[in-house]
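*Asks:*
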Amino acid sequence: MEQDKTNKIIHKFAIKNAYEYGSARLESVLGKVITAEPQLKLDMAALVGMIKKEVERVNLLNKEQIALEAGQFADEFKSSDAERAKRSAEHNFSIKGATKGEFITRFPPEPGGYMHIGHAKAVYIESVLKEQYSGKLMLYFDDTNPDIERQEYVDAFREDLLWLGIKFDREYFGSDSIPILYKYAQTAIANNHAYVCTCDQEKIKSLRLQGIGCEHKAQNADSNIEMWEQMLENKFGAGEAVVRLNSDISSVNTMMRDPTLFRIKTTPHYRQKDKYVVWPTYDFGTPIIDSMNNISDVIRGKEYEMRDPLYFAVLDMLSLKRPRITSFAELDIENNITSKRIIREMIAQGKISGWDDPRLVTIRALKRRGIISEAIKEFSLRSGMGKSESTTSIDALLSINKRLLIKTAQSISAIKNPIILNLTGASQSNIANGIVFDANNHAALWVDLNEIQSLKLSTKSIAVLKRSLPIKINGISNRQIDASVEGAAPVGAATIDWIGEGIECEMWEIGNLMNKDEFNNKSIVKHRAIISEDAAKLAKGEVINIKGIGLYCIDSTDPIRLISL
Ligand SMILES: [Zn+2]
275 MEQDKTNKII
285 HKFAIKNAYE
295 YGSARLESVL
305 GKVITAEPQL
315 KLDMAALVGM
325 IKKEVERVNL
335 LNKEQIALEA
345 GQFADEFKSS
355 DAERAKRSAE
365 HNFSIKGATK
375 GEFITRFPPE
385 PGGYMHIGHA
395 KAVYIESVLK
405 EQYSGKLMLY
415 FDDTNPDIER
425 QEYVDAFRED
435 LLWLGIKFDR
445 EYFGSDSIPI
455 LYKYAQTAIA
465 NNHAYVCTCD
475 QEKIKSLRLQ
485 GIGCEHKAQN
495 ADSNIEMWEQ
505 MLENKFGAGE
515 AVVRLNSDIS
525 SVNTMMRDPT
535 LFRIKTTPHY
545 RQKDKYVVWP
555 TYDFGTPIID
565 SMNNISDVIR
575 GKEYEMRDPL
585 YFAVLDMLSL
595 KRPRITSFAE
605 LDIENNITSK
615 RIIREMIAQG
625 KISGWDDPRL
635 VTIRALKRRG
645 IISEAIKEFS
655 LRSGMGKSES
665 TTSIDALLSI
675 NKRLLIKTAQ
685 SISAIKNPII
695 LNLTGASQSN
705 IANGIVFDAN
715 NHAALWVDLN
725 EIQSLKLSTK
735 SIAVLKRSLP
745 IKINGISNRQ
755 IDASVEGAAP
765 VGAATIDWIG
775 EGIECEMWEI
785 GNLMNKDEFN
795 NKSIVKHRAI
805 ISEDAAKLAK
815 GEVINIKGIG
825 LYCIDSTDPI
835 RLISL
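Here this note's numbering is used: position 394 in the sequence shown is 668, and no number is missing along the way.
(1) Excluding the 5 residues flanking residue 788 on each side, which residues of the same chain have their C-beta closer than 7 Å to its C-beta?
(2) In whole angstroms, what is the alpha-carbon distance linking residue 517 and residue 469?
(3) Return the CA-CA distance between residue 712 and residue 342, expressed in angstroms with no decimal places.
(4) In three-state terms, what does DSSP make of residue 365?
(5) Is any non-hydrogen atom of ligand 1 found closer than 7 Å to the C-beta of residue 489, if you look at the structure I gave you?
(6) Can you list, in chain order, the residues of its chain whose CB lies under 6 Å from that of residue 771, leaving out five sequence neighbours each side?
(7) What is the C-beta distance between residue 545 and residue 417, in whole angstroms, given that I count them as a contact (C-beta under 8 Å)?
(8) So residue 619 is in the alpha helix (DSSP H); what residue range does that whole segment cover?
(9) Once you ignore the five residues that flank residue 659 on each side, which residues in its own chain have a CB closer than 7 Å to its CB?
(10) Look at the Cβ atom of residue 394, then the Cβ atom of residue 637, and state whether they are nearer than 8 Å.
(11) Drop a sphere of 10 angstroms on the beta-carbon of residue 568, count the other beta-carbons inside from all chains shown, and report buried for 16 or more, exposed for fewer.
(12) Have a look at 576, 339, 460, 532 and flag the residue whose alpha-carbon is nearest the alpha-carbon of residue 664.
(13) Please say whether residue 635 and residue 390 have beta carbons closer to each other than 8 Å?
(14) On a Cα-Cα basis, can you pick out the residue from 419, 441, 783 that is closest to residue 401?
(15) I'd like to confirm something about residue 472: is its beta-carbon nearer than 7 Å to some heavy atom of ligand 1, or not?
(16) Report the rounded CA-to-CA distance for residue 362 versus residue 654, giving the unit in angstroms.
(17) Can at least three beta-carbon pairs, one atom from the segment 761 to 780 and one from the segment 675 to 693, be found at a separation below 8 Å?
(18) Please confirm whether residue 377 and residue 571 have their CB atoms less than 8 Å apart.
(19) Looking at the secondary structure, which residues open and close the beta strand (DSSP E) in which residue 229 lies?
(20) To the nearest angstrom, report how far apart residue 756 and residue 808 are at their CA atoms.
(21) Are the CB atoms of residue 514 and residue 538 nearer to each other than 8 Å?
(22) Quick one: give me the first and last residue of the alpha helix (DSSP H) that residue 325 is part of.
(23) From residue 338 to residue 824, what distance separates their C-alpha atoms?
So, in structure tokens, the structure goes:
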């Protein structure tokens, strides 16, 4: 085989390896190359030498450069990714015992915050299973905590789910079933399966830890019914009485130690207004509402596994049909936060600007940043339905997005750390090289300070302006460069990127929100930059490829603000 062709194959697999895993490994690339072209094994020593050289070269490239080189193989990469996605669908997306046509599941968000990437994983898995089993997918708003739920969040979930391309067969709200849940509570209390407890939270917590029941556990059904009615009649204040499951208070599974089934909350509800003061907990409401809606399969995060026995206990004591529960490992994004409570705190403290702050992994933040729904889908499904936990870097999502967009993103020039280069000495013969000189044969161009520094240019250096003229540096500082047009440049002279006429813009480089448990103060780095005039035609939300730098999303057009991807 010709050397050239061999080099090309090595190049392709090295870039692919680096694109997928961040860096290329000699063994992996060697394996791929030999599988593709077995005859190359004949001269193993030469092959290993060539691969080693290419792997070393690729590992010196930065992420953007790797993505750009990978762009030329986009079609091949895409098809192999598609195959992998198909394989993983065949292997992992199945449920033991599930049958075609009898599968009904639901996506159960609580409208107490905005949708995030973890929700996306759950709903995409459910949606794939629905297709696979010709089943149904319901949207169930689990809204029985008036303290934190709002219509704004319901609307946002609907909007984000639509944007993600998820279709539901029906939508319902937990809070619409409160009267039915009251009836089931009445039955449970009458049968001694539950009791009313007026102990304070501290006492309940401490006794629960010790595995000891309070005095109310032994109360008879008549007293419990009476107290339950008083709860409904608003005779207790918020937090003064709860209904608890009469279970095994010393159970090894602490979830089973007489958990709370109903509590009093006097905050008006966004949907039911002030209709109710007694509210069911997730543990009581969800299993009953699932059963009432003929849900055959509950697909939920592994972190709920400890609650499975409680889920079934509630159904069993009321003789309701059990759905099947399947757990999967939830997405855990490294150095990021999905907790509604912590996000709310960070917004209040001014650390982040809102739920769509581009450092977050809420769906609106990802959308604002220029990540498309197809990338979120692929990323969500890639991690599969397995139960083994692992943290995933946001970079994996960004690189899928890059692969999907790099071919269509418009290429635009920009100078990231702009300083002026004053150029003099042009003659009529070299004016036509893209630089606009004024009447005094002077032009002011934008060049990148970092590039100038890394090229180690100094006074008297000769360099070449990219696609244009050789120049001689006459004076150089961190604020300005003075140069004049030069007749010719020596072989190997440094080339400098530049923009003639540009628009001032702001570039945001987005990093990780957190540094382990600490807020990362450098999670957004803002630059003043100069972008070529073509940028004036761009629309908000458009993704562009800044030559030599990488992908950015237009966050605002006036003034122009770009967010790194
Ligand atoms: Zn008690």
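Beta carbons: idealized from backbone N, C-alpha and C, even for Gly.
*Replies:* The answer reads as follows:
(1) 609, 610, 611, 794
(2) 6 Å
(3) 36 Å
(4) Only weak support exists for where residue 365 lies, its pLDDT of 43 falling under 50; the value from the coordinates is given anyway. Looking at residue 365 - three-state DSSP - the assignment turns out to be helix.
(5) yes
(6) 740
(7) 7 Å
(8) 614 to 622
(9) 366, 367, 399, 602
(10) yes
(11) exposed
(12) 576
(13) yes
(14) 441
(15) yes
(16) Only weak support exists for where residue 362 lies, its pLDDT of 48 falling under 50; the value from the coordinates is given anyway. Near 12 Å, if we compare the C-alpha coordinates of residue 654 and residue 362.
(17) yes
(18) yes
(19) This structure leaves residue 229 out entirely; the chain is present only between 275 and 839.
(20) 27 Å
(21) yes
(22) 318 to 332
(23) 5 Å
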